[in-house]
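The structure appears below as structure tokens.
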Amino acid sequence: MSLNNIKAIAFYYKNFPLYSMPAGLINSFSTHITPIVLIFAYNPTIAGFYALTQRALGLPLTLVGQSISQVYLSQAPELLQKDVYLVRELYKKVARNLFLVGVVPIILLGIFGEGIFTLVFGESWANSGVYLQVLFLMFIAQFTVAPLSQTLNILNKQNIQLLWDITRVVVSMVTIIYPSKVLLLKPEITLLIYSVSMSLLYIGLYFISLHYLKSKGDYNNTI
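Using my numbering, you'd call the opening residue of the sequence shown number 275 and step up by one each time.
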């Protein structure tokens, strides 16, 4: 391989070091920021209820999503070499299957969450079940879209992914701090606002990625 080829490849993939590293740090930060903000907005007890909800449902969903994501990431780059349209179809198929697999169990857990948490963890943790009821929309959207979140990186659109990650951190903070400190809303209402906002962000990420999964000719014009 010639020096010119090496330079060309380095230039083409320059977005990886420029954007992927900060995006990874922000993504990790956003995972842990919500309980911290809830402590500031309300108190450690409310943050504890949220943290238990996140661990009880969010962590298992994340583990399942990561397994599916690995399969997706093993197939998508290879299909991209043939035609971006094939990646688009795979993307929609995986998203549809994730939604169908996750929606019913998550809704059922949302409906019966308070009773389940009371039975498993005791009466003192019943509020975690209530929080599950207001967060289930976010969990559905997260389970459907998060395993496919590396699509923009595959398409060398790390700058778009970084912008979305920053937006998620900002929105997560604003939708908790403003309702709690300015509007003086109850924790359940604040978390409902947070849940809807996060759901819309994940839906937005789904369509942003879908937008860049264009026909092969359009894709070549974007890189």
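Where is the CB? At the ideal position from N, CA and C, for every residue including glycine.
All figures in this text were calculated on a predicted structure; none of them were measured in a lab.
Through-space distance from residue j to residue i, alpha-carbon basis
{"i": "T449", "j": "K356", "result": "42 Å"}
{"i": "I477", "j": "V378", "result": "18 Å"}
{"i": "L333", "j": "Q416", "result": "11 Å"}
{"i": "F481", "j": "Y346", "result": "17 Å"}
{"i": "G384", "j": "V445", "result": "23 Å"}
{"i": "S341", "j": "L335", "result": "10 Å"}
{"i": "I390", "j": "T464", "result": "22 Å"}
{"i": "G376", "j": "A325", "result": "21 Å"}
{"i": "S343", "j": "Y359", "result": "19 Å"}
{"i": "K455", "j": "P461", "result": "11 Å"}
Neighbour flag for residue i against chain B, beta carbons, 8 Å
{"i": "L484", "result": "In summary, chain B is missing from the structure at hand, where a single protein chain is found."}
Residues near residue i in its chain [Cβ-Cβ closer than 6 Å; skip 5 each side]
{"i": "R362", "result": "L487"}
{"i": "L429", "result": "Y486"}
{"i": "T327", "result": "S402, Y405 and L406"}
Best match in the options for proximity to residue i [C-alpha to C-alpha]
{"i": "I434", "options": "F410, S483 and L466", "result": "S483"}
{"i": "S475", "options": "I390, F391, D439 and L372", "result": "The question names Ser, but residue 475 in the sequence shown is Leu. Of the listed residues, the one whose Cα sits closest to L475 is D439."}
{"i": "K367", "options": "I381, A350, L406 and I380", "result": "A350"}
{"i": "Q407", "options": "T441, L466 and L479", "result": "L466"}
{"i": "P309", "options": "V375, G339 and Y468", "result": "Y468"}
{"i": "T425", "options": "I320, G322 and E352", "result": "E352"}
{"i": "F413", "options": "I320, A321, L331 and F386", "result": "L331"}
{"i": "G387", "options": "R370, F323 and L458", "result": "F323"}
Close-in-space but distant-in-sequence residues of the same chain around residue i (CB under 7 Å, 5 per side omitted)
{"i": "E470", "result": "Per the sequence shown, residue 470 should be read as Val rather than Glu. Within the same chain, V470 has close Cβ partners L411."}
{"i": "L409", "result": "T327, L465 and S469"}
{"i": "L354", "result": "V361 and I428"}
Contacting residues, own chain, Cβ-Cβ under 8 Å from residue i (five flanking each side not counted)
{"i": "I236", "result": "Any question about residue 236 goes unanswered here, given that the chain covers just 275 to 497."}
Is the region 438 to 456 close to the region 304 to 319, with three or more CB pairs under 8 Å?
yes
Segment contact flag, the region 395 to 407 with the region 421 to 432, C-beta cutoff 8 Å, min 3 pairs
With the rule of 3 Cβ pairs closer than 8 Å, the region 395 to 407 does not count as touching the region 421 to 432.
Unbroken stretches of the beta strand (DSSP E), 3 residues or longer, contained in the region 391 to 452
none
Contained alpha helix (DSSP H) runs [length at least 4] in the region 455 to 489, N- to C-terminal order
461 to 486
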